[in-house]
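Protein chains in written order, with the numbering used here: chain A, 8 to 300; chain B, 647 to 997. Glycine is no exception: its CB is placed at the ideal position from the N, C-alpha and C atoms.
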């Protein structure tokens, strides 16, 4: 009798979770399984015939130098984006904590870039760095640097890294600020009395105490750089010049929708999917454990 | 080791003045307790001495040196916080060694001092644990250890025992006192607990609403409270206050009783009587109509009203009592144990 009171059988809970399950199925599970299926197929260029080839697409990828180069490029890109945006956010959060007057205003301004759509962010940076019209190439000229990201692969890479990092700073800033504010004030004061200056307090007390946040953000930022920077790259460089800014997610698009190699493109997206699953596992495994210092 | 001078100290937050012209002379090696109710400014005062709050005007001098503008680290002080403020990511040993490392002491000297402090505080077996693996009392010891190893001129305690349970609090109170006597370091201790204040302090500074009500030894405060606030705050159960008319060395109580007082004052005044100074006397002028008995074993607290009036009054009698509610007991009080206060200002009348 008691059991019935505590766990009444009813359709209501299932009804309440149904929309979420439906969305997951339609927008995540179904496309993912489609990609998986497609990665086992090779299609002819006109889309007239398909052949089931098991892992041939993956075998081709493993020996494709372009693909491996893109892999390397992505690693550099995402590490730099994560390092740059997290480092900058950390500095901003450190100072934001010390701001007394106008703190709300300052923080609100810092959060704005997060609300900018990736393509728009890319467009902003394209204008600012346009070799003929942009303000930055004009200034760089004085420093003796000729800026043209349409010609220089390294400059193009630097630009997409900057744009991608800039957009993520706001997000990282929020997390760092929250983490710093959760450190009891008296701990910082105790360190001050113990003789530690602001820089030392930061590196020996604050930074170790927010390390769980740093780890969490590292994973989030890597995932961001891997997957969510498509818009920025598409707007800024279209993966060029040559393939110098073609990171994995852009290559999926390029090979699939421009090169019409649907099978190879699907195989690449399956590889990406495995990567993101791996990162998520790492995050859940280690972040949760590291939280308790 | 050093003396501390507080000269005309004022603290304001914007237009609001929270500490008003604090004066205090603390001698080398003295244990001073700042006591007062919540919001009286006692923690602010301590934090000003520590350098965690700015001084609006006036001067703080430690060892004859003005420290107003000095960073906390330059004042040669150590502080024990209410929530201990241990560094959670460091072991007990690292916690205690942190300040020494910053001062670039040689490694073996750091080790020696940490071991020594751990020995004194009996936390040697916990040196390699993290703070979260310790109980409240052990964390408290580590916080003290962190202060001791620094060998500072001044110890500051900000309600260090308020997070402990009652039994542990009594034990740690004694240990802090013993430790301070052994080390002989000038200490300032903030608390809202008057028992803690009485047992720990060489001298007590009673703060109320940002004013120093009285600064003296516990016995001075008990015997000759400077104001009604001090009189009511120090001593347990609290002092009784009755409005009276004084003339010719006698106080006329509400309800008509005549009680001799040791004063030549004449006019209206508030009479203060400690419950433990009321003596049972069949012909006494103080008649208490009993409302409630509080049996404490060794003595009994009689709560009631002055017979025929609405003035509540408490008396403490030795041993047990089993009087019925509504019955009457009569008391008298020795003239030299009565206190008179100005009804308006609450200040002590000493004439």
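Sequence-distant Cβ neighbours of residue 65 of chain A in its own chain, meaning closer than 6 Å and more than five residues away, are 274. Taking 8 Å as the cut-off, the Cβ atoms of residue 863 of chain B and residue 679 of chain B do not count as close. With contacts defined as CB atoms closer than 8 Å, residue 847 of chain B and residue 677 of chain B qualify as a contacting pair. The continuous alpha helix (DSSP H) containing residue 220 of chain A extends over residues 218-230. Two segments are said to touch when three or more pairs of C-beta atoms, one from each, lie closer than 8 Å; by this definition the region 971-981 of chain B touches the region 917-931 of chain B. Contact between residue 167 of chain A and residue 244 of chain A holds: their C-beta atoms lie close to 6 Å from each other, under 8 Å. The residue among B:723, B:738, B:662 and B:709 with its C-alpha nearest the C-alpha of residue 702 of chain B is B:662. In the DSSP secondary-structure assignment, residue 889 of chain B is bridged to B:916. A residue is called buried when at least 16 other Cβ atoms come within 10 angstroms of its Cβ; residue 70 of chain A does not meet this threshold and is exposed. It is roughly 12 Å from the alpha-carbon of residue 68 of chain A to the alpha-carbon of residue 258 of chain A.
With the criterion set as a beta carbon lying under 9 Å from some beta carbon of chain B, the members of the region 202-216 of chain A are 202, 203, 204, 207, 211, 212, 215 and 216, in sequence order. Following the DSSP letters along the chain, one finds residue 940 of chain B inside the beta strand (DSSP E) bounded by residues 932-941. With respect to the 8 Å criterion, residue 842 of chain B and residue 807 of chain B are classified as neighbours on the basis of their beta carbons. For residue 801 of chain B, the enclosing beta strand (DSSP E) has its first and last residue at 800-804. For residue 963 of chain B, the enclosing beta strand (DSSP E) has its first and last residue at 958-964. Close CB contacts of residue 805 of chain B within its chain, under the 6 Å cut and outside five residues either way in sequence, are with 728, 836 and 837 (chain order). For the region 28-50 of chain A, the set of residues with a beta-carbon nearer than 9 Å to any beta-carbon of chain B is empty. Among the CB atoms of chain A, one or more fall inside 8 Å of the CB of residue 698 of chain B. Around the beta-carbon of residue 923 of chain B, 16 or more other beta-carbon atoms lie within 10 Å, marking it buried. Proximity of residue 194 of chain A to chain B, defined by a Cβ-Cβ separation below 8 Å, is satisfied. When the beta-carbon positions are compared, residue 692 of chain B and residue 665 of chain B stay at least 8 Å from each other. Within chain A, the residues whose beta carbon sits less than 7 Å from that of residue 745 of chain B are 201 and 202, listed in sequence order.
Residues of chain A whose Cβ lies closer than 7 Å to the Cβ of residue 733 of chain B are, in chain order, 194 and 212.
Residue 653 of chain B: member of the beta strand (DSSP E) spanning 650-659, first to last residue.
DSSP places residue 684 of chain B outside both helix and strand once states are collapsed to three, so it counts as coil. From the listed residues B:778, B:711, B:799 and B:713, the smallest Cα separation to residue 741 of chain B is found for B:778. Boundaries of the beta strand (DSSP E) harbouring residue 666 of chain B: 662-672, taken from the DSSP string.
With a cut-off of 8 Å on Cβ pairs, the region 807-827 of chain B is not in contact with the region 651-659 of chain B, counting fewer than three such pairs.
For residue 255 of chain A, the enclosing alpha helix (DSSP H) covers residues 255-260. When the Cα atoms are used, residue 214 of chain A and residue 57 of chain A turn out to be separated by approximately 55 Å. Chain order gives the chain B residues near residue 191 of chain A as 729 and 731, where near means a beta carbon separation below 7 Å. Of all C-beta pairs linking the region 221-238 of chain A to the region 278-287 of chain A, three or more are shorter than 8 Å, placing the two stretches in contact.
Under the Cβ criterion of 8 Å, residue 683 of chain B is not counted among the residues facing chain A.
Interface flag for residue 775 of chain B against chain A is unset, since no Cβ pair is found closer than 8 Å. Taking the C-beta atoms as reference points, residue 648 of chain B is found nearer than 8 Å to residue 800 of chain B. Here residue 893 of chain B has 912 as same chain residues with Cβ atoms under 6 Å from its own Cβ, once five neighbours each way along the sequence are excluded.
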